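Numbering of the sequence shown is given in our numbering, commencing with residue 34 and proceeding in unit increments.
Idealized CB from N, CA, C, for every residue including glycine.
A quick note: this is a predicted structure, and the numbers were derived from the prediction, not measured.
The structure appears below as structure tokens.
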Amino acid sequence: MLYFKNSELSSQYRISLKTVRNWIEATKQGKLNLTLHTQGDKAYVANTPGNIAIISELVESRRKYRNTNAAKTISPKDEFYSIYDERQIYDIAANLEIHHEIPRQYNYFNGGAEHWDKYAARLASDNTPNLVNSTIRLLNVNQGYIDDLLSRYKKVNVVDVGVGNAHPVKELLEHLLDQKKLGRYIALDISPSVLEIAENNINEWFGDRIQFEGHVYDINRDHFSDFLIDEYTGKDAKDTVNLVLLLGGTLSNMRDSDSGYKVIHDSMGMNDLLVHTTKLDTQSTRRYFDFDLQPGESRLAAIHGLVVDLLNIDKSFYTVEMGYDPELRQRYEQIRLKVSLNIKLKFNNGEHIIELEKDDAILTWRGLQQTASDVMSQLDRSKLYPLHISQTDDREYILTVSMVKHD
Ligand SMILES: C[S@@+](CC[C@H](N)C(=O)[O-])C[C@H]1O[C@@H](n2cnc3c(N)ncnc32)[C@H](O)[C@@H]1O
34 MLYFKNSELS
44 SQYRISLKTV
54 RNWIEATKQG
64 KLNLTLHTQG
74 DKAYVANTPG
84 NIAIISELVE
94 SRRKYRNTNA
104 AKTISPKDEF
114 YSIYDERQIY
124 DIAANLEIHH
134 EIPRQYNYFN
144 GGAEHWDKYA
154 ARLASDNTPN
164 LVNSTIRLLN
174 VNQGYIDDLL
184 SRYKKVNVVD
194 VGVGNAHPVK
204 ELLEHLLDQK
214 KLGRYIALDI
224 SPSVLEIAEN
234 NINEWFGDRI
244 QFEGHVYDIN
254 RDHFSDFLID
264 EYTGKDAKDT
274 VNLVLLLGGT
284 LSNMRDSDSG
294 YKVIHDSMGM
304 NDLLVHTTKL
314 DTQSTRRYFD
324 FDLQPGESRL
334 AAIHGLVVDL
344 LNIDKSFYTV
354 EMGYDPELRQ
364 RYEQIRLKVS
374 LNIKLKFNNG
384 EHIIELEKDD
394 AILTWRGLQQ
404 TASDVMSQLD
414 RSKLYPLHIS
424 QTDDREYILT
434 VSMVKHD
């Protein structure tokens with residue numbers, strides 16, 4: 034018999050998993066008329082026209098009941114409207130409403146950039162391996178290979194996609210300067226505050242040896258080829274290569290990481306190189322959360338909390354959950370609402386109210402768990418050809434060097 038996974042019903046009808054489980058329990062007790070499908074010791078809602086009609090009614094009556102029920106009504110803080118533009122606010126609202134998710138990238142804005150900078154600085158100086166110090170190490174041990182690829186060019190432009198505080202790229206830039214090969218250093222990031230931090234660092238480390246070139250840029254939408262057209266057509270075009278960096282697993286936080294790869298693919302030239310680093314799936318990385326929280330402490334990590342705070346979702350309205358979801362193969366951090374909420378958002382043309390229910394979970398962070406072969410498959414379906422891969426000996430971090438596939 035065809036049946037719905039609980040998570041399918043939960044996302045299709047935007048209800049909590051707990052509500053689905055309650056329906057199944059109520060059916061077992063004879064209080065609801067759903068047809069169940071049993072598999073092993075588990076019962077699921079069967080996919081039948083009768084069940085679909087009952088569920089639609091249940092969802093509808095829940096909505097009606099809610100209107101008379103005491104949902105808390107909240108409005109975002111004023112800064113919310115000065116930090117994000119209307120398109121970004123719409124993106125946050127749509128993701129919240131449709132996917133019950135706060136897109137990770139909006140937490141890097143404003144004070145969120147400082148939180149990230151502090152966090153990344155701590156990771157860089159830690160002795161135990163993590164994504165930041167392993168990225169630096171992998172860049173370092175693979176420098177000889179990268180040099181060989183760059184040896185046929187006189188000039189190398191570095192395009193740092195999702196620059197963060199630029200720390201992981203410091204030694205590479207120093208190395209290219211020593212070789213008198215560094216052309217432009219182009220830092221791209223969705224967050225103006227992150228770009229400011231990166232610019233201050235580059236100026237402090239290199240003074241006028243590097244002209245920092247930063248652009249506000251969204252990897253899910255914008256091609257970066259626009260910034261490189263001059264090099265493509267100039268007289269030095271043949272002697273110049275673009276070294277594109279995608280460091281620190283930036284795309285593994287996104288709901289659709291393929292879309293970022295597509296933009297990168299479509300922005301790269303024939304000879305350009307993409308260097309990418311990320312964390313890999315192992316039993317131990319599935320369990321590991323290094324978010325500057327004390328053991329057992331249940332609060333939203335500072336690096337993931339900006340949007341929740343700006344939306345005015347008070348700490349007393351939720352509990353925090355972290356774990357590994359084997360179905361989606363991702364680690365997650367989410368808030369579980371203790372109360373129903375109406376979030377009133379202002380747009381130029383009026384207001385939009387997002388209704389969230391008690392027990393709804395809102396995803397604040399995901400880390401896609403990929404094996405090395407998942408990474409290879411993703412590059413392959415993104416039409417990128419991996420020339421080289423390298424892993425740390427604990428098998429938890431990977432660096433790849435790729436080119437655009439061509440005949
Ligand atoms: C995980 S950090 C990695 C930073 C740095 N590359 C490193 O390895 O330390 C992700 C960075 O990408 C930026 N970012 C996240 N989503 C983005 C998007 N959609 N477009 C552009 N930048 C984005 C963030 O602001 C942040 O600086």
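In the pairwise beta carbon analysis, the segment 359–370 is classified as not touching the segment 194–206: fewer than three pairs are separated by under 8 Å. Note that the C-beta distance between Pro225 and Gly281 is not below 9 Å. In terms of Cα proximity to Ser258, the closest of Ala231, Phe113, His132 and Lys295 is Lys295.
In this structure, the straight-line span from the alpha carbon of Tyr178 to that of Leu210 is close to 17 Å. Taking a contact to require three or more Cβ pairs closer than 8 Å, the segment 368–384 and the segment 339–355 qualify as touching.
In the displayed model, Pro419 falls within a strand according to three-state DSSP. Relative to ligand 1, the beta carbon of Ile122 is positioned no closer than 8 Å to any heavy atom.
Between Ile135 and Thr397, the C-beta gap is smaller than 9 Å, which places the two residues in contact. Counting only runs of at least 3 residues, the segment 336–367 fully encloses the following beta strand (DSSP E) elements, listed from N- to C-terminal order: 351–358. In the DSSP assignment, Leu307 falls within the beta strand (DSSP E) that extends over Leu306 to Lys312.
For Ser115 and Asn345, the gap between their C-alpha atoms comes out near 15 Å. Exclusion of the five residues before and after Asp314 leaves Arg362, Gln402, Gln403, Thr404 and Asp407 as the residues of its chain whose Cβ lies within less than 8 Å of its Cβ. A Cβ-Cβ contact shorter than 9 Å links Phe37 with Val78. Ranked by how close their Cα comes to the Cα of Ser331, the residues Thr318, Leu339, Leu307 and Gly356 have Gly356 in first place. Cβ atoms of Ile336 and His148 come within 8 Å of each other, at about 5 Å. Taking C-beta atoms as the reference points, Asn253 and Ser292 count as a pair closer than 9 Å.
Taking C-beta atoms as the reference points, Leu417 and His298 count as a pair closer than 9 Å. For Ser435, the three-state secondary structure derived from DSSP is strand.
Just so you know, the alpha carbons of Val340 and Gly383 end up roughly 21 Å apart. Distances from the CB of Pro201 to the heavy atoms of ligand 1 include at least one below 8 Å. The C-beta of Ser49 has 16 or more other C-beta atoms within 10 Å across all chains shown, which makes the residue buried. Between the beta-carbon of Gly302 and that of Asn275 there is about 6 Å, and that keeps the pair under the 8 Å contact cut. Runs of beta strand (DSSP E) with 3 or more residues, each lying fully within the segment 134–175, are absent. In this structure, Gln138 lies away from Ile230, with their beta-carbon atoms at least 9 Å apart. Taking the Cα positions, Arg399 is about 5 Å away from Asn286.
Counting only the Cα atoms, Val53 lies some 11 Å from Leu91. Per DSSP, reduced to three states, the secondary structure at Asn128 is helical.
Looking at Asp263, Leu228 and Arg428, the one whose alpha-carbon comes closest to that of Gln316 is Arg428. Asp323 carries a coil assignment under DSSP once its states are collapsed to helix, strand and coil. Under the three-state reduction of DSSP output, Leu206 falls in the helix class. 9 Å or more divides the Cβ of Asn190 from the Cβ of Arg155. With a cutoff of 9 Å on beta-carbon distance, Val434 and Val308 are scored as near each other.
Around the beta carbon of Asp393, a 10 Å sphere encloses 16 or more other beta carbons of the protein chains shown; the residue is thus reported as buried.
Pro419 sits away from Asp426, with the two beta carbons spaced by 9 Å or more.
Gln411: member of the alpha helix (DSSP H) spanning Ala405 to Arg414, first to last residue. Per the C-alpha coordinates, the member of Tyr430, Ile395 and Thr310 positioned closest to Ser43 is Ile395.
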